[in-house]
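**Q** Numbering (our numbering), first residue to last: 75 to 302.
From the three backbone atoms N, C-alpha and C, an ideal C-beta is built for every residue, glycine too.
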Amino acid sequence: MTPVSLVASRPDLETVRTGALGCTACGLAERRSNVVFGEGAPDSPLVLVGEGPGEEEDKTGRPFVGRAGKLLDRALAECGLDRTKVYICNTVKCRACDWSTGRPVNRPPTDSETLACRQWLVPQLAAIGPEVVLCVGAPSAKNLIKRDFKITVERGRYFPCEFARTAIATLHPAYILRNAGASSDGGFSLLVADIAKAWEAATRLREGRTSSVESGEGSPGLQPALEL
Ligand code: SF4
Numbered sequence: 075m076t077p078v079s080l081v082a083s084r085p086d087l088e089t090v091r092t093g094a095l096g097c098t099a100c101g102l103a104e105r106r107s108n109v110v111f112g113e114g115a116p117d118s119p120l121v122l123v124g125e126g127p128g129e130e131e132d133k134t135g136r137p138f139v140g141r142a143g144k145l146l147d148r149a150l151a152e153c154g155l156d157r158t159k160v161y162i163c164n165t166v167k168c169r170a171c172d173w174s175t176g177r178p179v180n181r182p183p184t185d186s187e188t189l190a191c192r193q194w195l196v197p198q199l200a201a202i203g204p205e206v207v208l209c210v211g212a213p214s215a216k217n218l219i220k221r222d223f224k225i226t227v228e229r230g231r232y233f234p235c236e237f238a239r240t241a242i243a244t245l246h247p248a249y250i251l252r253n254a255g256a257s258s259d260g261g262f263s264l265l266v267a268d269i270a271k272a273w274e275a276a277t278r279l280r281e282g283r284t285s286s287v288e289s290g291e292g293s294p295g296l297q298p299a300l301e302l
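In C-alpha cells, the structure reads:
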C-alpha cells in the first residue's frame, strides 16, 4: 500500500483522465476516435511510457493493443507480470496521422504536439508516483530522459528522471517486430531483460520506501540512479 505521506499532494488520476478525455489543445483532437489515456495499476511502482497510439489504440482507447501490444504482453508475461501489475501509457494521448494521401498513415507526433500533451503526462505520472519509468522506444526516452538518447547504446541503463526515482529505456515492440527474423529475435530478449530489470528496481525502491516510512524514518530522499 502506498504510504499516505507520499500521496498527500498528488493530483487525482481520475480527475486528470477526465480532463484529458475532453482535450482539444492540439490538432490531433480533430480526427481522433478516442483519447488513449492509459491503463493498469494506478499505484504501480513501474510505469511504461510509449510514444503514442496507433490505429488499434485509437479505435479501442487502450494503449498497446495492436501487434506490438501483444508482443509487449508476452514480454510482461515472461517477467511474471501483466497489465494489472504495471501502468501503461504514452507521451501523446491521441493518434498522430499523415492524411495527405486521403487515408490515415501513422506518423510520429511533432514536438509541439508532444509538448502540448505534457499537460496530461506530467500530472498523470505525478498521480501514479512510480519509482521507475520504463521508456518504451527511442521517442519516449528522448522525451523523458534526454533529447540525444541513443536507444541501441543506452537502453537498459539507469538515468535520472524528473518523474520517478530513475528511468530506464527499452526497445519498442514495433521495432522488434520489424527486425525479428529466422536467425534473430529482433531484440525481444532485451525487451524482457529490461522489463525485468525495471520491475526489480521498482519493487526494491518501493519496498525500501515503505519500510522506511513504517519504521518512522520518513520518506527517503531521491537516491542517485546509479546506486540501484
Ligand atoms: S494529443 Fe494530447 S494535447 Fe493533443 S488533443 Fe490529444 S490529449 Fe490534447
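1) Decide if E236 is buried, meaning its Cβ has at least 16 other Cβ atoms within 10 Å, or exposed.
2) Alpha carbon to alpha carbon, what distance is there between G140 and R157?
3) Is there contact here, the region 234-254 with the region 176-183, by at least three beta-carbon pairs under 8 Å?
4) Between R278, E274, E281, G282, which lies nearest to T155 when the distance is taken from Cα to Cα?
5) Between D172 and E281, what straight-line distance do the alpha-carbon atoms span, to the nearest angstrom?
6) By DSSP, does P90 sit in helix, in strand, or in coil?
7) Please classify L102 as buried or exposed, where buried requires at least 16 other C-beta atoms within 10 Å of its C-beta.
8) Decide yes or no for the touch test of the region 208-219 against the region 89-108: beta carbon pairs closer than 8 Å, at least 3 of them.
9) Identify, in the order they occur along the chain, each residue of the same chain with its Cβ nearer than 8 Å to the Cβ of E88, setting aside the five sequence neighbours on each side.
10) By the DSSP assignment, the beta strand (DSSP E) with Y161 in it spans what residues?
11) Alpha carbons only, please: which of K224, I202, G112 is nearest the one belonging to E131?
12) Just the Cα atoms here: how many angstroms apart are K271 and T92?
13) Using a threshold of 8 Å, state whether the C-beta atoms of E205 and P127 are closer than that.
14) Quick one: is A151 buried, meaning 16 or more other Cβ sit within 10 Å of its Cβ, or exposed?
15) Tell me which same chain residues have a C-beta within less than 7 Å of the C-beta of N253, skipping the five on either side of it?
16) Assign N180 to one of three DSSP states: helix, strand, or coil.
17) With a 10 Å radius around its C-beta and 16 neighbouring C-beta atoms as the bar for buried, classify E104 as buried or exposed.
18) Here's the rule: buried if 16 or more other CB atoms are within 10 angstroms of the residue's CB, otherwise exposed. What is D268?
19) What does a CB cutoff of less than 8 Å around A170 pick up in its chain, not counting 5 residues either side in sequence?
20) Check for me: the alpha helix (DSSP H) holding T240 runs from which residue to which?
21) Ends of the beta strand (DSSP E) at V210?
22) What do you reckon, is the C-beta of C168 under 7 Å from a heavy atom of the ligand SF4?
23) Less than 8 Å between the C-beta atoms of V160 and L122, yes or no?
24) Between the alpha carbons of R148 and P137, how many angstroms are there, rounded?
**A** Inspection of the coordinates gives the following:
1) exposed
2) 15 Å
3) no
4) Checking the sequence, you will find Leu at residue 155 rather than Thr. Ranking the options by Cα distance to L155, first place goes to E274.
5) 45 Å
6) For the sequence presented, residue 90 should be read as Val rather than Pro. DSSP places V90 in helix when its eight states are reduced to three.
7) Around the beta carbon of L102, 16 or more other beta carbons sit within 10 angstroms, so the residue counts as buried.
8) no
9) none
10) Its beta strand (DSSP E) spans residues 161-164.
11) G112
12) In this model, K271 and T92 are separated by some 33 Å (Cα to Cα).
13) no
14) exposed
15) G260, G261
16) strand
17) exposed
18) buried
19) L102, G126, N180, R181, P182, P183, T184, E187
20) Here T240 belongs to no alpha helix (DSSP H); instead the beta strand (DSSP E) covers 240-244.
21) 206-210
22) At least one heavy atom of the ligand SF4 falls within 7 Å of the beta-carbon of C168.
23) Yes, the Cβ-Cβ distance between V160 and L122 is below 8 Å.
24) 15 Å
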